[in-house]
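Position 54, counted from 1, in the sequence shown is what my numbering calls 67; the numbers after and before it change by one each time, with no gaps. Written below as structure tokens is the structure these notes are about.
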Amino acid sequence: MKVLVLAPMVRIAMRLYLQRLLDEADASGADVTLIAPSHVDVSTRFPIVRMGGGGKWAVAWAQVNPLTFLRIAMTMLRGRFDMVHVINGENRPMVLWTLLLARMLGMRGLVTIHDPLPHPCARLEVATYKLGLVARRLASELNIHDKAHLDVVDDGSGKPVHVFPLPDMSKSFPKAAVFRKEREVLFFGRMEPYKGIDHFVDLGLRMRGAARFILAGGGNVPDDLLATMHANPDVFTVENRYISDDEMIAFMDRAKVALLPYHSATQSAVPPVASARGAISIGFAVGGLVNQIPALGGVVVPSGDMDALEAAVRDGLAMDEAALFHLTTLPDPFEDAVHQLYGPARAGKSSGKPSAKIAPVVIA
14 MKVLVLAPMV RIAMRLYLQR LLDEADASGA DVTLIAPSHV DVSTRFPIVR MGGGGKWAVA
74 WAQVNPLTFL RIAMTMLRGR FDMVHVINGE NRPMVLWTLL LARMLGMRGL VTIHDPLPHP
134 CARLEVATYK LGLVARRLAS ELNIHDKAHL DVVDDGSGKP VHVFPLPDMS KSFPKAAVFR
194 KEREVLFFGR MEPYKGIDHF VDLGLRMRGA ARFILAGGGN VPDDLLATMH ANPDVFTVEN
254 RYISDDEMIA FMDRAKVALL PYHSATQSAV PPVASARGAI SIGFAVGGLV NQIPALGGVV
314 VPSGDMDALE AAVRDGLAMD EAALFHLTTL PDPFEDAVHQ LYGPARAGKS SGKPSAKIAP
374 VVIA
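This is the structure we're talking about:
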């Protein structure tokens, strides 16, 4: 299958997502061309058509630059693709242009929706949400990362909706020579209010002496919570900064528990990585985490129930290394999903890999 992948917004975790997508596309036998900003660093044999990138304003200009639209059009006209696949950024003007052109050229238009509803604190996403709704209408089919979002994206048109799981984005990193875990609870990712930083701090204070609580990631942490963590160095390690890929892997390799005490969520890239590195994911049952975390061997508890969260984390810390190592042997449903979507066996034929707890591709 000839596929044009359009990745208008690729930074940090999405770069690793894109790398896994390209790796599995290669394994499935697909012929892919990638359109991505100039700063995107991926390793692939597939050709890459570059558009403006680098700083925030350069990327923003590329989204509306007529030369970008022309480059996309020329690539599509020359490539004669079977499918155009948009990942992360359906609310950008270039995506509307690409999907409209795909319709005119008779190509399948697939949009992978990372956040079916915008996070309230993401002001740009909220402001451009309606552009994303238009893109969904123009697409001939959609990907979502969890079946919990089917009702949100269903527009009544009857178009296929694929439940397309998030990948283990750490797969390309080598495993530790010795599997050894510490009594650490890791709260990792871009720090945003909806992720429950307050719950993380509260839990750490409640469990003083039971484990080290590590906050790792850039973003805005409220001053009062930051002061509380710094005032309790026996409980917390605070790394409120950009975390490199290698550092992220090191944190995951040491921690017993990956904590997701979110107030709200669509889904998260943390559980697949945590499971692959032998850390059990524990969090509140919100959004797609309701299905995603248990499917990867983790535990969800009722939203806001701190007593239940504490009990689950204590159970996670009590797990021995053999039990945690078992998490690393769970199949990655992303592989089968890409092979079904891009490969010659797309019409429902199994790839022969072990089935996942959530079906890799479901047609709603």
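For glycine and all other residues, C-beta sits at the position ideal for the given N, C-alpha and C.
Reduced DSSP secondary structure (H/G/I, E/B, other) of lysine 366: What you label residue 366 is simply residue 353 of the sequence shown in a count that begins at 1. Bear in mind that a pLDDT of 36 at lysine 366, under 50, signals an unreliable position, so the model cannot answer this.
Collapsed DSSP secondary structure at threonine 88 in the structure displayed: Looking up residue 88 in the sequence shown gives position 75. Looking at threonine 88 - three-state DSSP - the assignment turns out to be helix.
Rounded distance between the beta-carbons of alanine 287 and alanine 271, thought under 8 Å: Within the sequence shown, residue 271 is the residue found at index 258, counting from 1. Within the sequence shown, residue 287 is the residue found at index 274, counting from 1. Confirmed, about 4 Å.
Buried/exposed call for aspartate 247, threshold 16 Cβ in 10 Å: Here residue 247 corresponds to residue number 234 of the sequence shown, with the count starting at 1. Classification of aspartate 247: exposed, given that the 10 Å Cβ count is below 16.
Outcome for phenylalanine 249 when other beta-carbon atoms lying within 10 angstroms are tallied against a minimum of 16: Here residue 249 refers to the residue found at position 236 of the sequence shown. Label assigned to phenylalanine 249: buried.
Proximal residues to proline 180 (C-beta, below 7 Å), its chain only, five neighbours per side dropped: The residue given as residue 180 occupies position 167 in the sequence shown. If we look at proline 180 and ignore the five residues flanking it on each side, its Cβ neighbours are Tyr30, Arg33, Pro285, Asp345 and Phe347.
Glutamate 154 - containing beta strand (DSSP E), residue span: Position 141 of the sequence shown, counting from 1, holds the residue named residue 154. Start and end: 154-157.
DSSP beta-bridge partners of alanine 49: Mapped onto the sequence shown, residue 49 falls at position 36. In the DSSP output, where bridge partners are listed per residue, alanine 49 has Arg63.
Isoleucine 227 - DSSP class collapsed to helix/strand/coil: Sequence index remark: in the sequence shown, residue 227 carries index 214 (1-based). Strand.
Rounded C-alpha distance that separates valine 313 from glycine 301: As a first step, residue 313 is located in the sequence shown; it is residue number 300 there, counting from the start. As a first step, residue 301 is located in the sequence shown; it is residue number 288 there, counting from the start. Valine 313 and glycine 301: Cα-Cα distance of roughly 11 Å.
Option nearest threonine 279 by Cα separation, candidates Gly232, Ser153, Pro129 and Asp266: What you label residue 279 is simply residue 266 of the sequence shown in a count that begins at 1. Selected option, being the one with the closest Cα: Pro129.
Between the CA atoms of asparagine 156 and proline 169 - distance to the nearest angstrom: Position 156 of the sequence shown, counted from the start, is the residue given in the question as residue 169. Position 143 of the sequence shown, counted from the start, is the residue given in the question as residue 156. It is worth fixing the name first, because residue 169 is glycine in this sequence and not proline. About 16 Å.
Minimum C-alpha distance to glycine 42 - residue among Lys269, His52, Lys15 and Gly145: Here residue 42 refers to the residue found at position 29 of the sequence shown. Comparing Cα positions, the closest option is Lys15.
Rounded distance between the beta-carbons of valine 124 and valine 99, thought under 8 Å: The residue you call residue 99 lines up with position 86 of the sequence shown. The residue you call residue 124 lines up with position 111 of the sequence shown. That belief holds up - the Cβ atoms of valine 99 and valine 124 are roughly 5 Å apart, short of 8 Å.
Those runs of the alpha helix (DSSP H) which lie wholly inside the stretch 168-193 and span at least 4 residues: none
Cβ contact check for the stretch 290-305 and the stretch 219-230: 3 or more pairs under 8 Å: no
Simplified DSSP state of arginine 254, which is helix, strand or coil: On the sequence shown, residue 254 is found 241 positions in, with the first residue counted as 1. It is coil, neither helix nor strand.
Unbroken alpha helix (DSSP H) run spanning alanine 324, endpoints: Reading the sequence shown from its first residue, position 311 is the one you call residue 324. Run containing alanine 324: 319-331, per the alpha helix (DSSP H) assignment.
Start and end residues, beta strand (DSSP E) containing arginine 116: The residue you call residue 116 lines up with position 103 of the sequence shown. Premise fails: arginine 116 lies in the alpha helix (DSSP H), 106-118, not in any beta strand (DSSP E).
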